[in-house]
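A.B. asks:
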């Protein structure tokens, strides 16, 4: 049962710490955050050490593996340090906003055989996973089209958006990984369209988009359509649809319960969807910890690794270039 | 292509006349109503004769068959007259409110081989029919329970309720027939419960109930549960559920279209159900005409006949007795 | 944060022990089972004491409250002992199979102000709870009918059935409580129908039924229809429907995920329902622990208490009598 | 009540003739087809004249309006002739495969005030129409994204594909019109992606695609995503989704009935969708006739006219150019 230390005690770090602590096959070794009070609070809740520094975490004999949930700009550094310290890693996405930095990180960690897992949590969602299993089992024949609908319930704060790296690197990155997960072939072209509709002023100021569509194709012609919006009034919208020669599978949204109302004005009115990612992907975050424990215990490569993180970023770069140039970009054009 | 005359030009008679007129395999021979202006109007719309009397209809060489959609109290008389005149009959339910009168009618028409079809239209609904077909095909194994939910959108006018014969003879009668259609075995016991909730004053005055539950059992122990209400604010509610050893089939309600809304307050909000029977069972009323034409042309017994009408009334009598005596009634106790 | 000891380490006891251990507001004080190895195993998993006897549990200063998950025949004894020891109780249903024993237990514990909570877990299901909240909020106007569909996925082992006390005391008991929860008024009449369809030989041998329908009415005429089957091939079926003057609410079944398939033969094919009660009511079992902790910490009466357990058994007795005598039973006829 | 003559007695012409004949507000004046036996058969069924030539139709005093359902290459000619003859027109889409020919036709008919209606039947579908009404009523706030899923049940015969003008002019043309109907603003850019997956050999031979995605944007940045496939094993897939600032509306597919099955392997299994356009859009084809009658009787412009047909073809041209050049095309680049 590995002792896992969590770096970062923000919203997602706290969630991971609680999941590790409650996990039947893992233990929480301690936490660290540059905001010491945040770390102390989480440590107190779970009765584990609050480390003074990331170095102290990596130096501790009681830490078998680390989970990186700090701010994005620190991910690559911590990955390099953890590899140097011989600790398996579960790192939140993205590895870095800069593809160049990611490539240097890849060079730095070289041929390490340490498990390095990327936090593309949606791969562990029961519905999305069942969809992929159906594809792999041949239930829908040969895959032709994947449609990913992925919309946040509402615009993040301006302060967040400003440093997010833009919608493709911050939000669509999950969908790029989902596209690769479903397609079973690497995309070779990217065509993207961006609009400023939710908060045009903020988007213009940041050179960003809040409403985007991306079309990916593979060498065999398979298509994946991603549509994103920073604002879905009806809640966090996370759907995946796969069309093949013999049928279709749709992974639909989830509601907190199945009570529906009927009145003179409407029928079958359901409650809003689970909101936000911590609720929607609660089971997935738990399964992710389990998959990481598997990798740590077996010493084998995790299902979703460093290169998956890098390839998703390559797709984000291509999408940016596509919007800027108004043309379809071949992946081979990207570093 | 039989020429069918319609007796009765009220709401349901007008609908039948239009259906017969538009039917590719039938022709409208003319109409009759004691309210001559009503008949003239319908006749004018379709360019057919408005007969002076029912006798004139039955005497006409241009009339091959008759459809009885007059008030209930005249049904048995017209059946007897039409049989005497050698005309196949499609008669709206119920045959009569009095089981005694129905039995006398049965005696009067004797062993006639003329097709006499009862207007239990729900048997022709595509969803209900698919449910019964699934049962008969063994899709759900041996049938154990049938649950019929049947609720009107709103209370009928007091003037109608007063002469309706009560909820069991007027409204549940359709469900009694549906129960027999689904069960595939005759019910042998009836247990009924009646409440006065929608309009207690009216119900008390009429000695009637507006909210009832009936439980039927067959000799082999199959159960059918019927629940009725005179008022479903969300619209005409018509569901049938069948449970068997290997599964279940549910025939769900239908909406005019499948556009659904999503907002901050709700998800998947559908529009109200089709309302009322003329809209909800539009396809069924059409299919009913087709089935009648089949019977007329082949001279064979229709799928749902006089005895089906009589047996539904027997169940209604048993339900009334059950409510009155607070006990389960055996069908053999009813005349 | 109360230390809760769990009595009984069978399937449901083990689940409760795990829930208490993982609960953020409760701690597992230890476990006991007459099968010592079962208790030791559960104790080992959670690193808590395995008590030698129930007496030892109640004598322990480290035990603030107890959760009774032993076999039914011991419930009343343990309730009396725990009350004598001054420990709040969460007891699995039913209190006892004998109404007489329950009444004696009630007398024995007298006017105790100790929280005694009954494990009618379905009250804590998010969907059922939202349904009741909608009723109480007036969303559907005045309540007229409640329809409870409650079917087990498959027949329990004969050994279990033989000592279960029969379907009304063992299975319908949950639905009797749900009926009371939804109706908001006490039922005053019970009419029940029982069939032997799933395993006629076993049912005949035990004098039991495997397929039953129960109709309850309240003084104001509200109706509740319960339909039960010991076998639903498509999984554990747990639905609640409430009809009122202004609309309807339905608490529908839940599936493990929302991936659905479409093919040449079908559309929208979902995966089977969550199966069995431990999966279906996982959130409810957790919320139940939370509600118990609330009662223990505040010292107030839990939402569902001893008298609720007793009244559900009264309804079961009435149902048995109704089937036996073929008539509607008034609750006032039952002890 | 206008007398409408139908030109063309193929599958869709026969359907239109039957709809006109059965329509309560229209009469069938006769039919014409270059295959005289086809025309005679349809004329016989409805008891109307089978005209010798299109000229004879337009010369007949008994013909108030014409419905053009002949092969595409004749549409523009018949439009010009009917305008010359002063007869209102309902013409099946597309006007012509050549934008140049359409522009010449526009010039030829000039400023005519005769009602010329284009057969974009999907605008009359109750669900799609309710979706647009919700948008227009502001139910979803400001519109941001429209997603149109439009897939045929199976590949048309090679002989048809070869002369179809390609998927964008033949199939997507309906979706281009639907996009304009929903967006409420003209698209100004088109980005299209085409794949050959269903029948690569045929597609390569024809220089066509069977699986396409098109992204349209308007001046204000609204996006519309269209995804098409020539093959959906589960049936004709016709969905429209509209996302706005305050919510979403989805117009879902329709099934012939709502009976669903449940078994040990699945839940809520529905029957396949209505198949093909004649069944799926039956109500819409009828409503289209009604809208045409309105235009004929009032002499005003129909809701969907010649220019709508031309603009849909412009979008098809832009999509073709986008696939060929791998870039986003501005509508202003197209003639």
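Protein chains in written order, with my numbering: chain A, 2 to 336; chain B, 2 to 336; chain C, 2 to 336; chain D, 2 to 336.
Yeah, the Cβ is synthetic: ideal placement off N, Cα and C, and Gly gets one too.
All of these numbers come straight from a predicted model, not from anything done at the bench.
Just to confirm my understanding: we take residue 65 of chain D, look at its own chain, exclude 5 residues before and 5 after, and list those with CB closer than 8 Å. What are they?
C.D. replies: Translated into the one-based positions of the fourth chain, residue 65 of chain D becomes position 64. The answer, listed in chain order, is 3, 4, 5, 30, 88, 89, 297.
A.B. asks: Alpha carbon to alpha carbon, how far is residue 101 of chain A from residue 323 of chain D?
C.D. replies: Position 100 of the first chain, counted from the start, is the residue given in the question as residue 101 of chain A. Position 322 of the fourth chain, counted from the start, is the residue given in the question as residue 323 of chain D. Approximately 32 Å, taken between the alpha carbons.
A.B. asks: Is the Cβ-Cβ distance between residue 152 of chain D and residue 276 of chain D less than 8 Å?
C.D. replies: On the fourth chain, position 151 is the one that residue 152 of chain D refers to. On the fourth chain, position 275 is the one that residue 276 of chain D refers to. No, Cβ-Cβ distance for residue 152 of chain D and residue 276 of chain D is not below 8 Å.
A.B. asks: Can you name the residues of chain D whose CB is closer than 7 Å to the CB of residue 32 of chain B?
C.D. replies: Reading the second chain from its first residue, position 31 is the one you call residue 32 of chain B. Ordered by position in chain D, no residue passes the 7 Å Cβ test against residue 32 of chain B, which lies about 17 Å from the chain.
A.B. asks: Please list, in chain order, the residues of the region 263-275 of chain A that have any C-beta partner in chain B closer than 8 Å.
C.D. replies: If the cut-off is 8 Å between Cβ atoms, the region 263-275 of chain A has 263, 264, 265, 266, 267, 268, 269, 270, 271, 272, 273, 274 near chain B.
A.B. asks: Does any residue of chain B bring its CB to less than 8 Å from the CB of residue 234 of chain A?
C.D. replies: Working through the first chain from its first residue, we reach residue 234 of chain A at position 233. Chain B contact via Cβ: present.
A.B. asks: What's the call for residue 301 of chain C, buried or exposed, on a 16-neighbour Cβ count within 10 Å?
C.D. replies: Along the third chain, one-based indexing puts residue 301 of chain C at 300. Exposed, because fewer than 16 other Cβ atoms sit within 10 Å of the Cβ of residue 301 of chain C.
A.B. asks: Using the Cβ count rule (16 or more neighbours within 10 Å means buried), how would you classify residue 24 of chain B?
C.D. replies: What you label residue 24 of chain B is simply residue 23 of the second chain in a count that begins at 1. The residue in question, residue 24 of chain B, is buried, as its Cβ has 16 or more Cβ neighbours within 10 Å.
A.B. asks: Check whether the region 4-19 of chain A and the region 53-65 of chain A touch, using three or more Cβ-Cβ pairs below 8 Å as the test.
C.D. replies: Because the criterion of three Cβ pairs below 8 Å is met, the region 4-19 of chain A and the region 53-65 of chain A touch.
A.B. asks: For the region 238-264 of chain C, list every residue whose C-beta sits within 8 Å of some C-beta in chain A, in sequence order.
C.D. replies: Residues 247, 248, 249, 250, 251, 252, 253, 254, 255, 257, 258, 259, 260, 261, 262, 263, 264.
A.B. asks: Could you work out which residues of chain C lie near residue 140 of chain A, taking near to mean beta carbons separated by less than 9 Å?
C.D. replies: Here residue 140 of chain A refers to the residue found at position 139 of the first chain. Simply 262, 264.
A.B. asks: In terms of alpha-carbon separation, which member of B:113, B:249, B:126, B:80 lies closest to residue 291 of chain B?
C.D. replies: The residue given as residue 291 of chain B occupies position 290 in the second chain. Residue B:126 is the option with its Cα nearest to residue 291 of chain B.
A.B. asks: Provide the residue span of the beta strand (DSSP E) that contains residue 67 of chain A, from first to last.
C.D. replies: To locate residue 67 of chain A, count along the first chain from 1; it is residue 66. Start and end: 66-69.
A.B. asks: Please report the straight-line C-alpha distance between residue 303 of chain A and residue 265 of chain D, rounded to a whole angstrom.
C.D. replies: The residue you call residue 303 of chain A lines up with position 302 of the first chain. The residue you call residue 265 of chain D lines up with position 264 of the fourth chain. Straight-line Cα distance between these residues: approximately 34 Å.
A.B. asks: Can you confirm whether residue 131 of chain A, when its beta carbon is compared against all beta carbons of chain C, has any partner nearer than 8 Å?
C.D. replies: Reading the first chain from its first residue, position 130 is the one you call residue 131 of chain A. Taking Cβ atoms only, chain C reaches closer than 8 Å to residue 131 of chain A, which makes this a yes.
A.B. asks: Just to confirm my understanding: we take residue 241 of chain A, look at its own chain, exclude 5 residues before and 5 after, and list those with CB closer than 6 Å. What are they?
C.D. replies: Your numbering for residue 241 of chain A matches position 240 in the first chain. Answer for residue 241 of chain A: 129, 132, 149, 252, listed in chain order.
A.B. asks: If you draw a straight line from the alpha carbon of residue 234 of chain C to that of residue 271 of chain C, how long is it in whole angstroms?
C.D. replies: Counted from its first residue, the third chain places residue 234 of chain C at position 233. Counted from its first residue, the third chain places residue 271 of chain C at position 270. Roughly 15 Å between the two C-alpha positions.
A.B. asks: What does residue 151 of chain B pair with, by DSSP beta-bridge criteria?
C.D. replies: By 1-based counting over the second chain, the position of residue 151 of chain B is 150. Answer by DSSP bridge pairing, in chain order: B:229, B:239.
A.B. asks: Against chain B, with Cβ distances strictly below 8 Å, would residue 24 of chain C count as a contact?
C.D. replies: In the third chain, the residue the question calls residue 24 of chain C occupies position 23. For residue 24 of chain C, the answer is no, since every Cβ of chain B falls outside 8 Å of its Cβ.
A.B. asks: Exposed or buried, what is residue 22 of chain B when buried is set at 16 or more other beta-carbons lying within 10 Å of its beta-carbon?
C.D. replies: Counting from 1 along the second chain, the entry for residue 22 of chain B is found at position 21. Buried, because 16 or more other Cβ atoms sit within 10 Å of the Cβ of residue 22 of chain B.
A.B. asks: Report the rounded CA-to-CA distance for residue 200 of chain B versus residue 211 of chain B, giving the unit in angstroms.
C.D. replies: Reading the second chain from its first residue, position 199 is the one you call residue 200 of chain B. Reading the second chain from its first residue, position 210 is the one you call residue 211 of chain B. Looking at the two C-alpha atoms, the distance is approximately 7 Å.
A.B. asks: Hey, quick one: how far does the beta strand (DSSP E) through residue 252 of chain A stretch, first residue to last?
C.D. replies: Working through the first chain from its first residue, we reach residue 252 of chain A at position 251. Its beta strand (DSSP E) spans residues 248-252.
A.B. asks: For residue 334 of chain C, tell me which candidate among C:191, C:154, C:287, C:258 has the shortest Cα-Cα distance.
C.D. replies: The residue you call residue 334 of chain C lines up with position 333 of the third chain. Comparing Cα positions, the closest option is C:191.
A.B. asks: Answer yes or no: does any C-beta atom of chain D fall closer than 8 Å to that of residue 285 of chain B?
C.D. replies: Counting from one through the second chain, the residue named residue 285 of chain B turns up at place 284. For residue 285 of chain B, the answer is no, since every Cβ of chain D falls outside 8 Å of its Cβ.
A.B. asks: Extract the residue ranges of the beta strand (DSSP E) inside the region 287-311 of chain B, only unbroken runs of 3 or more that lie entirely within it.
C.D. replies: Listed in chain order, there is nothing to give.
A.B. asks: I'd like to know whether the C-beta of residue 135 of chain A is nearer than 8 Å to at least one C-beta of chain C.
C.D. replies: By 1-based counting over the first chain, the position of residue 135 of chain A is 134. For residue 135 of chain A, the answer is yes, since a Cβ of chain C falls inside 8 Å of its Cβ.
A.B. asks: To the nearest angstrom, how far is it from the Cα of residue 55 of chain C to the Cα of residue 283 of chain C?
C.D. replies: Position 54 of the third chain, counted from the first residue, corresponds to residue 55 of chain C. Position 282 of the third chain, counted from the first residue, corresponds to residue 283 of chain C. Their backbone Cα atoms lie some 27 Å apart in a straight line.
A.B. asks: Would residue 291 of chain A pass as an interface residue toward chain C - the criterion being a Cβ-Cβ separation below 8 Å?
C.D. replies: Locating residue 291 of chain A in the first chain gives position 290, counting from the first residue. Residue 291 of chain A does not count as touching chain C.
A.B. asks: Using the beta-carbon of each residue, which ones in chain C are nearer than 7 Å to residue 128 of chain A?
C.D. replies: One-based indexing of the first chain puts residue 128 of chain A at position 127. Chain C residues near residue 128 of chain A: 258, 259, 260.
A.B. asks: Within 10 angstroms of the Cβ of residue 164 of chain C, are there 16 or more other Cβ atoms? Answer buried if so, exposed if not.
C.D. replies: Sequence index remark: in the third chain, residue 164 of chain C carries index 163 (1-based). That one is exposed.
A.B. asks: Mind checking residue 123 of chain A: buried by the 16 CB within 10 Å criterion, or exposed?
C.D. replies: As a first step, residue 123 of chain A must be located in the first chain, where it is residue number 122. By the neighbour-count rule (16 or more Cβ atoms within 10 Å), residue 123 of chain A is buried.
A.B. asks: At 3 residues or longer, what runs of the beta strand (DSSP E) sit wholly inside the region 139-204 of chain A?
C.D. replies: Whole beta strand (DSSP E) segments, 3+ residues: 144-152, 188-196.
A.B. asks: Under a Cβ-count criterion, where at least 16 other Cβ atoms within 10 Å of its own Cβ denotes burial, should residue 158 of chain C be classed as buried or exposed?
C.D. replies: Counting from one through the third chain, the residue named residue 158 of chain C turns up at place 157. Residue 158 of chain C comes out exposed.
A.B. asks: Which residue comes first and which comes last in the alpha helix (DSSP H) that contains residue 46 of chain D?
C.D. replies: Counting from one through the fourth chain, the residue named residue 46 of chain D turns up at place 45. Here the alpha helix (DSSP H) through residue 46 of chain D covers 37-47.
A.B. asks: Give the DSSP-derived three-state secondary structure of residue 338 of chain C in the structure shown.
C.D. replies: This structure does not reach residue 338 of chain C, given that chain C is present from 2 up to 336, and the question cannot be answered.
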